[in-house]
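Quick notes on the structure that follows.
In UniProt numbering, the protein residues as written are 1 to 695.
Following this line, the structure appears as structure tokens:
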């Protein structure tokens, strides 16, 4: 009997791994419908053509003609009966699902069970997953005699839904609990008890749950419409005890069905005390094996491909060669009183990766071989791709001070700025393990943080580190943020603060506590990003306008400098021209002065003009200047031509520049010998001469 239970445990685990069905009760039901034939059950739920696994044709080629002959024999063999003598498949066949029988099993539609409560009545409704919500109401209308128009169907996890909503789109588990409200129909005396139940559904119940192994108490508030199954799932996240291995004390005797709501379970209001611990492994506990069909094992986190190792009767301490989680003391993420923040954050990053990322990798490797085989035959996916998803995946923590992280996030170009995410870890919080492994290491969260945030981390487990953090936050964000962090209790950690840089100060947009889900965390991060994007667009606009103004100013300054340079060159040219003019004027003046001095000396050296009547011959000369004036003077006939030339020069016409000519016949007197007399030059007794400038 024990061997048979172990074989079925293995078949159940293989079936869940192949199909992705987390609900154990649903998985057991499908296996029982197929007489615990793994391949037949997989054929019933996996995508197929003509009711046969898509990999069958390829198998015939893989295993050769002998295998084909075996296939033919299996095809004509009669189908297995459901007699008690038939034994379940062995563990080896469970890991080779491509070799069993070839009989065709048509896929059966997935059925959903609904437990609907209305006043004093409870109606069980079973419909196909492809049905609409309105079909449930039609069934309830017949059973409860309540018109659909006055019926409100409540209890959906996704909120109110319309009658045309297809149940498959709601992603419901196999067993569900709903309730009907009819506010337009007044309750009768016979429905007074049901009215009390309706009120209880809207009340909040405080469950004080004692975790005996950890010796901790959890105070959890749940609405009355929450089911016992949902409570157990939440407790699984807090205690790391899978639902099927939870052993409870304190539930009322009426609470025999996990799909029952808290309001109908008979627990005490407003507070009820419960206790939970881990039951022994199913391999060693026959009772746990028999009850596994009544317990639902659910993973709330999307993308979780593996359950806890203890789900398969293997303790994590045995798997990894370590002691139990309660007896193993974890290494601190950050050393106490570290003088260098960069060294502390390097230690934090390394320890975070070892503690949370490596554990996920090791857990995934436990079933990697099975996934390689199944992925190849069922999806065609490369085995390498299956294993790669267990690579290192955690946020990239900024290595440096908080001030340096702020500079990196806030003070670059507006287009390059990011939000600052501050992760505060506390090992004493029971939420830390779940938050780090399921939230901070989720691919979507890691990718979003890497793209839009600068992530800085700190460990506040030690009081010295917490005091240092508060001092840092006070310096950078003010006392309000530090006081806010101080008010959070240990059980509310870890915290993830999203900070946005503003012109004058930094603003904390969100403080996300540890009791959240991946979807809620992503929504909070996206909400912060929307606020930041709006502010960033304004900053980009302001920066562009400022740069445009600065560019105009630079262009104006450059134009002004060019204008000044042109004016300077023009002024220098004018100054050079003026200096040249002054120089030329000075030269001209000196030349004129020299000429004037020569003229005066010549004028003073001239002999006196003789009288008209005298004993010596007199020569009277009339000399016409270029301006038309006449110079008239008397000279002695014996006077040398040089005296005549000096006279003309004393009047401003030096003989070097002018020539003295006779009228008729035309002669150039300046070419004659200056020592000859006027008589010899035939300028006697009178003569008219004219001055002409030399060429």
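All C-beta atoms in this analysis are idealised placements derived from N, C-alpha and C, irrespective of residue type, glycine included.
Nearest to residue i (by Cα), restricted to the options the options
{"i": "residue 633", "options": "689, 215 and 154", "result": "689"}
{"i": "residue 494", "options": "585, 466 and 474", "result": "466"}
{"i": "residue 119", "options": "138, 128, 113 and 146", "result": "146"}
{"i": "residue 183", "options": "156, 204, 154 and 150", "result": "150"}
{"i": "residue 452", "options": "14, 525, 238 and 695", "result": "525"}
{"i": "residue 460", "options": "333, 681 and 441", "result": "333"}
{"i": "residue 279", "options": "155, 254, 249 and 256", "result": "249"}
{"i": "residue 636", "options": "615, 355, 656 and 337", "result": "615"}
{"i": "residue 399", "options": "434, 340, 611 and 492", "result": "340"}
{"i": "residue 261", "options": "558, 177 and 268", "result": "177"}
{"i": "residue 273", "options": "217, 132 and 227", "result": "217"}
{"i": "residue 24", "options": "43, 13, 520 and 266", "result": "13"}
{"i": "residue 700", "options": "110, 654 and 608", "result": "Residue 700 lies beyond the range of the chain shown here (1 to 695); nothing can be said about it."}
{"i": "residue 263", "options": "573, 235, 203 and 214", "result": "203"}
{"i": "residue 214", "options": "480, 207 and 239", "result": "239"}
{"i": "residue 654", "options": "572, 627 and 694", "result": "694"}
{"i": "residue 619", "options": "608, 685, 605 and 531", "result": "685"}
Enclosing beta strand (DSSP E) for residue i [first to last residue]
{"i": "residue 619", "result": "618-624"}
{"i": "residue 473", "result": "Element bounds for residue 473: not the beta strand (DSSP E) but the alpha helix (DSSP H), 463-477."}
{"i": "residue 356", "result": "Unbroken run through residue 356: none, as it is neither H nor E."}
{"i": "residue 139", "result": "It is not in any beta strand (DSSP E) - residue 139 instead sits in the alpha helix (DSSP H) that spans 133-144."}
{"i": "residue 686", "result": "686-693"}
{"i": "residue 154", "result": "152-154"}
{"i": "residue 278", "result": "271-278"}
{"i": "residue 161", "result": "First-last for residue 161: undefined, no H or E at that position."}
{"i": "residue 185", "result": "From DSSP, residue 185 is part of no beta strand (DSSP E); its letter is neither H nor E."}
{"i": "residue 247", "result": "246-249"}
{"i": "residue 340", "result": "Counting along the chain, residue 340 falls outside any beta strand (DSSP E), and DSSP gives it neither H nor E."}
{"i": "residue 113", "result": "111-118"}
{"i": "residue 210", "result": "204-211"}
{"i": "residue 421", "result": "419-425"}
Within 8 Å, strictly: CB atoms of residue i and residue j
{"i": "residue 401", "j": "residue 423", "result": "no"}
{"i": "residue 599", "j": "residue 649", "result": "yes"}
{"i": "residue 166", "j": "residue 211", "result": "no"}
{"i": "residue 539", "j": "residue 414", "result": "yes"}
{"i": "residue 135", "j": "residue 127", "result": "yes"}
{"i": "residue 482", "j": "residue 490", "result": "no"}
{"i": "residue 446", "j": "residue 237", "result": "no"}
{"i": "residue 338", "j": "residue 344", "result": "yes"}
{"i": "residue 157", "j": "residue 112", "result": "no"}
{"i": "residue 669", "j": "residue 679", "result": "no"}
{"i": "residue 677", "j": "residue 638", "result": "yes"}
{"i": "residue 602", "j": "residue 646", "result": "yes"}
{"i": "residue 159", "j": "residue 179", "result": "no"}
{"i": "residue 514", "j": "residue 444", "result": "no"}
Span of the alpha helix (DSSP H), counted from its first residue to its last, around residue i
{"i": "residue 585", "result": "518-605"}
{"i": "residue 42", "result": "38-45"}
{"i": "residue 24", "result": "24-33"}
{"i": "residue 683", "result": "Residue 683 -> no alpha helix (DSSP H), and no H or E assigned at all."}
{"i": "residue 410", "result": "402-410"}
{"i": "residue 232", "result": "228-239"}
{"i": "residue 148", "result": "From DSSP, residue 148 is part of no alpha helix (DSSP H); its letter is neither H nor E."}
{"i": "residue 333", "result": "That residue, residue 333, is in no alpha helix (DSSP H); it is neither H nor E in DSSP."}
{"i": "residue 448", "result": "443-452"}
{"i": "residue 650", "result": "641-650"}
Residue i, buried or exposed, once every other Cβ within 10 Å from all chains shown has been counted against 16
{"i": "residue 164", "result": "exposed"}
{"i": "residue 26", "result": "buried"}
{"i": "residue 559", "result": "exposed"}
{"i": "residue 664", "result": "exposed"}
{"i": "residue 644", "result": "buried"}
{"i": "residue 529", "result": "buried"}
{"i": "residue 406", "result": "buried"}
{"i": "residue 18", "result": "buried"}
{"i": "residue 630", "result": "exposed"}
{"i": "residue 227", "result": "buried"}
{"i": "residue 185", "result": "exposed"}
{"i": "residue 241", "result": "buried"}
{"i": "residue 269", "result": "exposed"}
Contact set for residue i: own chain, Cβ-Cβ below 6 Å, skip 5 residues either direction
{"i": "residue 304", "result": "Because residue 304 carries a pLDDT of 40, less than 50, the predicted location of this residue cannot be relied on, and no value is offered for it."}
{"i": "residue 442", "result": "518"}
Neighbourhood of residue i by C-beta, 8 Å cutoff - its chain only, sequence neighbours within 5 removed
{"i": "residue 137", "result": "148, 151, 153 and 163"}
Neighbourhood of residue i by C-beta, 7 Å cutoff - its chain only, sequence neighbours within 5 removed
{"i": "residue 418", "result": "409, 452, 453 and 454"}
{"i": "residue 672", "result": "641 and 681"}
{"i": "residue 536", "result": "414 and 417"}
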